[in-house]
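Here the structure comes first, spelled out in structure tokens, and everything after it is commentary.
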Amino acid sequence: MTCPRCDSENVRIMVTAPVDNAWEVYLCEKCHYSWRSTEDIHISEKFKLTDEKIDAMGVIPPVPPLD
Ligand SMILES: [Zn+2]
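Read in order, the letters of the sequence shown correspond to residues 19 to 85 in my numbering.
Set out below in structure tokens:
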């Protein structure tokens, strides 16, 4: 199981269908993308995340609280 968006293998099952295990929802621990097992996912290259993009997101300074 790999994340369709960032190709990480750090994926866990977030939710399982209440009946018959008909589907599962997976969550990528790396980029927080989630998807359902029954979806046929095609992510365009434009929206794919690379390690560089994820690292870049991490260096954006948080917005300071307004007071
Ligand atoms: Zn991911």
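Ideal Cβ placement from N, Cα and C applies to all residues, glycine included.
None of these values were measured; they are calculated from a predicted model.
Which value, in whole angstroms, describes the spacing of the CA atoms of G76 and A40?
-> As a working note, residue 76 is residue 58 in the sequence shown. As a working note, residue 40 is residue 22 in the sequence shown. Answer to the nearest angstrom: the Cα atoms are 36 Å apart.
Nearest-angstrom Cα separation, counted from S52 out to D38 | Within the sequence shown, residue 38 is the residue found at index 20, counting from 1. Within the sequence shown, residue 52 is the residue found at index 34, counting from 1. Distance between D38 and S52, taken at the CA atoms: about 21 Å.
What separation, rounded to the nearest whole angstrom, lies between the Cα atoms of K71 and S62?
-> As a working mapping, residue 71 is identified with position 53 in the sequence shown. As a working mapping, residue 62 is identified with position 44 in the sequence shown. Roughly 15 Å separates the two Cα atoms.
Is it buried or exposed for L84, if we count other Cβ within 10 angstroms and need 16 for buried?
-> On the sequence shown, position 66 is the one that residue 84 refers to. Classification of L84: exposed, given that the 10 Å Cβ count is below 16.
Using a Cβ-Cβ cut-off of 8 Å (strictly less than) and excluding sequence neighbours within five positions of S55, which residues of its own chain qualify?
-> For this step, residue 55 is matched to residue 37 along the sequence shown. Cβ within range, chain order: W41, E42, V43, Y44.
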